[in-house]
Amino acid sequence: RKVDFSAPIAKLAGIETDVYGTGASYGASETFTISSMIACDAPIELRSTTSGRPLPGMVVRIVDPESDARRPAGTEGEIAVKGVTLMRGYHKVLPELIFDSDGFYRSQDGGSLDTDGYLHWTGRLSNLIKTGGANVSPVEIQEALERHPQIKVGIPVGVGHPTLGEVIVLCAVPVAGETLDEGEIRTFLRKRMAAYKIPKRVLTFRSDELSYTGNQKIQVAPLVDAARERLEAENALIEGYRYGED
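Position one of the sequence shown corresponds to residue 44 (this note's numbering), numbered consecutively onward.
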């Protein structure tokens with residue numbers, strides 16, 4: 044038997060036509076299972092933008108990566124987890140090197156908790172792009188680009204800069220038959236995030252120019268090198284520094 048999506052019973056059957064992407068959860072090997080997840084009947088905007096709320100028996104807090112101080116709601120920091128499924132420790136590693144004084148595991152993942160208790164994961168702290176004294180999550184930029192109709196793959200990387208530390212460069216693969224307009228993409232992003240998170244340059248790549256790991260994840264390090272080589276080849280001038288003149 045079939046149920047048409049326009050039928051009154053469609054909602055009861057779980058049929059939805061306005062959902063984009065997949066729901067998310069958060070967990071790690073160290074917690075053995077997921078620590079937070081989004082409810083299947085949560086509003087669509089929450090399912091696509093958060094990792095849900097902590098599960099019963101699990102506690103998630105956001106702390107300052109340097110001082111261990113707790114961060115208030117809406118402020119990014121490091122995700123720390125404690126709960127019934129948390130591991131006891133690593134073999135032959137002192138517990139105080141893994142857990143804080145309250146027994147929370149420091150995940151080295153960046154994120155925030157909003158005022159409703161929903162977790163927002165922003166990526167590994169080691170992957171953050173450090174530009175002009177600010178930390179920018181590549182994940183946030185990638186999520187903003189998911190609805191851009193001409194971009195198949197978009198990977199933001201940090202390219203070294205003498206005064207800013209790094210500048211954000213978007214390495215993008217266009218949808219087949221499309222040509223990317225750098226100005227249009229930057230305008231698209233400017234409507235969705237703060238100015239300091241906008242890539243300084245957008246570079247077009249072919250799919251076969253990307254390198255992949257064994258489990259088919261895009262390798263970022265080769266892209267950083269390729270982006271820098273492109274900037275040096277064209278003597279690009281970015282924020283007072285001309286690449287290729289060293």
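Idealized CB from N, CA, C, for every residue including glycine.
In the three-state reduction of the DSSP assignment, Y133 falls in the coil class. About 17 Å separates the beta carbon of A187 from that of R244, a gap too long to meet the 8 Å contact definition.
A contact between stretches requires three or more CB pairs, one per stretch, nearer than 8 Å, and the stretch 212 to 221 meets this requirement with the stretch 182 to 202. Judged by beta-carbon spacing, C214 lies beyond the 8 Å limit of L171, meaning their Cβ atoms are not closer than that value. L162 places its beta carbon less than 8 Å from that of G154.
DSSP places D251 within a helical segment (H, G or I) once states are collapsed to three.
Under the criterion of beta carbons closer than 8 Å, G100 and A67 do not qualify as touching, at roughly 20 Å. By the neighbour-count criterion, in which 16 or more other beta carbons inside 10 Å mark a residue as buried, V136 falls on the exposed side. Rounded to whole angstroms, the gap between the alpha carbons of A269 and G126 is 43 Å.
Taking C-beta atoms as the reference points, V267 and V216 fail to come closer than 8 Å. When DSSP states are grouped into helix, strand and coil, S94 belongs to the coil group.
Residue pairing from DSSP places V196 in a beta bridge opposite V216.
The Cβ atoms of S150 and A116 do not sit closer than 8 Å to each other. By the Cβ-count criterion, Y239 is exposed, with fewer than 16 other Cβ atoms from all chains shown falling within 10 Å of its own Cβ.
DSSP places I81 in no beta strand (DSSP E); its state is neither H nor E. Inter-residue distance for C83 and R271 is about 43 Å (C-alpha atoms, whole angstroms). The straight-line gap separating the alpha-carbon atoms of Q262 and F248 is approximately 14 Å. According to the DSSP assignment, V179 belongs to the beta strand (DSSP E) that extends over 177 to 179. Rounded to whole angstroms, the Cβ separation of T128 and F75 is 5 Å, and the two are in contact under 8 Å.
DSSP places T230 inside the alpha helix (DSSP H), whose first and last residues are 225 to 233. With respect to I211, V182 sits apart: the two C-beta atoms are not nearer than 8 Å.
Counting the other Cβ atoms within 10 Å of the Cβ of P86 gives fewer than 16, which makes it exposed. Between the alpha carbons of G208 and Y133 lies a distance of about 34 Å. The beta carbon of S78 lies closer than 7 Å to those of Y69, G70, P97, L98, M101, V103, V124, G126 in the same chain, with the five residues before and after it left out. According to the DSSP assignment, L266 belongs to the alpha helix (DSSP H) that extends over 263 to 276.
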